[in-house]
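**Student:** Sequential numbering from 1452 applies to the sequence shown in the working numbering. The beta-carbon is built from N, C-alpha and C at its ideal position, and this holds for glycine as well. Below is a structure I'd like to ask you about.
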Amino acid sequence: MRTCTIEKNKARCNCTYPCSKKGICCECLAYHRSMGELPACYFPPEAEKTYNRSIEYYLKVTGRA
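Right, dumping it as structure tokens:
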């Protein structure tokens, strides 16, 4: 069974929003999916800072809309 490498995940995480899920990627992803969103790691740095995690915004900022 794999273990969560929270500190390693935190070092790679680009999310600037303070929350209890930082570094626990499975919880972060599950939370955002339940909200119809994507987590910060999908967004470029400037887009991440808006805290808009919608799929529509992701498609817009990545030129996939």
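For CYS1470, count the other beta carbons within 10 Å of its own beta carbon; 16 or more makes it buried, fewer makes it exposed. Which is it?
**Tutor:** exposed
**Student:** Measuring CB to CB, does LYS1459 end up less than 8 Å from CYS1466?
**Tutor:** No. Outside cutoff.
**Student:** Pick helix, strand or coil for SER1471, following the three-state DSSP scheme.
**Tutor:** coil
**Student:** CA-CA distance, ILE1506 and CYS1476?
**Tutor:** 18 Å
**Student:** Throw me the rounded Cβ distance for the PRO1495 and VAL1512 pair, which I believe falls under 8 Å.
**Tutor:** 6 Å
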